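Numbering (UniProt numbering), first residue to last: 1 to 393.
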Amino acid sequence: MSRFTLPRDIYYGKGCLEELKNLKGKKAIVVVGGGSMKKQGFLERTVDYLKQAGMEVKLFEGVEPDPSVETVMKGAKVMQEFEPDWIVSIGGGSPIDAAKAMWAFYEYPDTTFEELCIPFNFPELRTKAKFVGIPSTSGTATEVTAFSVITDYAKGIKYPLADFNITPDVAIVDPDLVANLPANQVAYTGMDALTHAIEAYVSTLHSCFTDPLAMEAIEIVNKDLLDSYKGKEAARENVHYGQCLAGMAFSNALLGIVHSMAHKTGAAFSTGHITHGLANAMYLPYVIKYNAKNGEALKRYAFIAKRLGLSGESDTELMEALCERIQEMNKELSIPSTLKDFGIVETEFKEKVGEISVNAVADACTGSNPREIDPETMEKLFIAIYYGEEVNF
Numbered sequence: 001m002s003r004f005t006l007p008r009d010i011y012y013g014k015g016c017l018e019e020l021k022n023l024k025g026k027k028a029i030v031v032v033g034g035g036s037m038k039k040q041g042f043l044e045r046t047v048d049y050l051k052q053a054g055m056e057v058k059l060f061e062g063v064e065p066d067p068s069v070e071t072v073m074k075g076a077k078v079m080q081e082f083e084p085d086w087i088v089s090i091g092g093g094s095p096i097d098a099a100k101a102m103w104a105f106y107e108y109p110d111t112t113f114e115e116l117c118i119p120f121n122f123p124e125l126r127t128k129a130k131f132v133g134i135p136s137t138s139g140t141a142t143e144v145t146a147f148s149v150i151t152d153y154a155k156g157i158k159y160p161l162a163d164f165n166i167t168p169d170v171a172i173v174d175p176d177l178v179a180n181l182p183a184n185q186v187a188y189t190g191m192d193a194l195t196h197a198i199e200a201y202v203s204t205l206h207s208c209f210t211d212p213l214a215m216e217a218i219e220i221v222n223k224d225l226l227d228s229y230k231g232k233e234a235a236r237e238n239v240h241y242g243q244c245l246a247g248m249a250f251s252n253a254l255l256g257i258v259h260s261m262a263h264k265t266g267a268a269f270s271t272g273h274i275t276h277g278l279a280n281a282m283y284l285p286y287v288i289k290y291n292a293k294n295g296e297a298l299k300r301y302a303f304i305a306k307r308l309g310l311s312g313e314s315d316t317e318l319m320e321a322l323c324e325r326i327q328e329m330n331k332e333l334s335i336p337s338t339l340k341d342f343g344i345v346e347t348e349f350k351e352k353v354g355e356i357s358v359n360a361v362a363d364a365c366t367g368s369n370p371r372e373i374d375p376e377t378m379e380k381l382f383i384a385i386y387y388g389e390e391v392n393f
């Protein structure tokens, strides 16, 4: 038996943030990141709509990019004191991810972070609160997924938390919130969405329910991301919906080693934090070539290429055309093609790549990758990405 889980309600379209005033409850805590939502007026509107719904509202502000375990525990303590029956998180993937983890500790103060790190090991939620996710970027799709990524900075590792319990009850996908996104965020989050969709499509857990969502997302991002990057409003709105479709797909089909690698390298190097979407974009073509040694994965990559109108006389040529298309997009979006080009110092890379490879193989996303991998092979793959070498193993 398989399972397919989505939020109960997904509201989309310009201005749909207003739907907050129709929630039923007594208290709402709003979890938010930096100042962009406040500067643009969306935080004030969120609070106003919740108050129109008759709720007492409390803010938890300042969730950092790639939220830490410490931030999660602080937020959970605030929730335990305030006792909300709605948790509303607005912003990029970081505040929504953090709020999901806070939710678990709010309802179960005695649980441990280590317990939550075990995939699909969360306790039963909604004993105290329900959850609303409102994305202000077009990539993570955490507003519709069963995932959260939390960083342990002391260890330099990102932990993907996974459980259907943390799928939000309500998602509000309002394109007004992404109208003024900086171009680099459009690039990184858009390529994150493309990676979500492609990995979901070739995952060992893909299904007839997830495939249409993944393919539609791939086609939307391929068609509209570059125009969205250039600031075209209609394309920006389409990508915002496309990333949501990708999220619905991968929340149920899961992901692969592109994400395993990105999770374990984002905070690993002292010479520069590797933004999650940028890492995915950089790693994706190399991983496709690695996975294509699996016959079924090769066929599915070739099918993606055909749907995108790419040319090739064989499945291998079509797969290579897909890689070339991704590399072309990366170039247009000013995303480097290698870890060396990104700026990771060679001596530090060589010093850490072995341990990073072990951690990446152990990541929760590795299990649904279409081709198996061990730490030694993972290290070879990282080396190929660092130097821009061909993946022929």
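Think of the CB as a built atom: it goes at the ideal place given N, C-alpha and C, for glycine as much as any other residue.
In this text, all values refer to a predicted model and were calculated from it rather than measured experimentally.
Check: Can you tell me the Cα-Cα spacing of Gly309 and Ala200, whole angstroms?
Finding: 20 Å
Checklist line | Boundaries (first-last residue) of the alpha helix (DSSP H) holding Thr189 | finding: 183 to 202 is the span of the alpha helix (DSSP H), which, as asked, contains Thr189.
Notebook entry, point to check: Could you give the distance in angstroms between the alpha-carbon of Asn22 and the alpha-carbon of Gly190?
Noted result: 31 Å
Note to self: If you follow the beta strand (DSSP E) that Pro160 is in, where does it begin and where does it stop?
What the structure shows: First-last of the beta strand (DSSP E) with Pro160: 157 to 162.
Check: How long is the line joining the alpha carbons of Phe342 and Tyr49, rounded to whole angstroms?
Finding: 43 Å
Note to self: Let me confirm a value: Ser311 is counted as buried when at least 16 other C-beta atoms fall within 10 Å, else exposed. Which label applies?
What the structure shows: exposed
Item checked: Candidates Glu18, Val72, Gly62, of which the one nearest Lys51 by Cα -> Glu18
Item checked: CA-to-CA distance, Met215 to Asp227, given in whole angstroms -> 19 Å
Item checked: CA nearest to the CA of Tyr153, picked from Lys289, Ala162, Ser68 -> Ser68
Checklist line | Residue from Ser89, Thr112, Leu6, Val149 with nearest C-alpha to His263 | finding: Val149
Checklist line | 7 Å Cβ shell around Tyr108 - same chain, five flanking residues per side excluded | finding: Cβ contact annotation for Tyr108 (same chain, cutoff 7 Å, sequence separation greater than five): Pro123, in chain order.
Next item on the list: To the nearest angstrom, report how far apart Tyr290 and Ala384 are at their CA atoms.
Entry: 11 Å
Note to self: On the DSSP bridge list, what partners appear for Pro135?
What the structure shows: Gly91
Next item on the list: Could you check the C-alpha separation between Asp169 and Glu313 for me, to the nearest Å?
Entry: If you draw a straight line from the Cα of Asp169 to the Cα of Glu313, it is about 46 Å long.
Margin query: Considering only DSSP beta bridges, list what Glu56 is partnered with.
Written below: Lys27
Notebook entry, point to check: Pick from Val178, Thr111, Lys306, Glu372: whose alpha carbon is nearest that of Gly41?
Noted result: Val178
Check: In its own chain, which residues sit with a C-beta less than 7 Å from the C-beta of Phe82, not counting the 5 before and 5 after it?
Finding: Excluding sequence neighbours, Phe82 sits near Lys27, Ile29, Lys58.
Next item on the list: Could you tell me if Ser251 is buried or exposed, where buried requires 16 or more neighbouring beta carbons within 10 angstroms of its beta carbon?
Entry: buried
Check: From Ala101, Val144, Gly54, Met37, pick the residue whose C-alpha is nearest to that of Gly91; which is it?
Finding: When each option's Cα is compared against that of Gly91, the closest is Met37.
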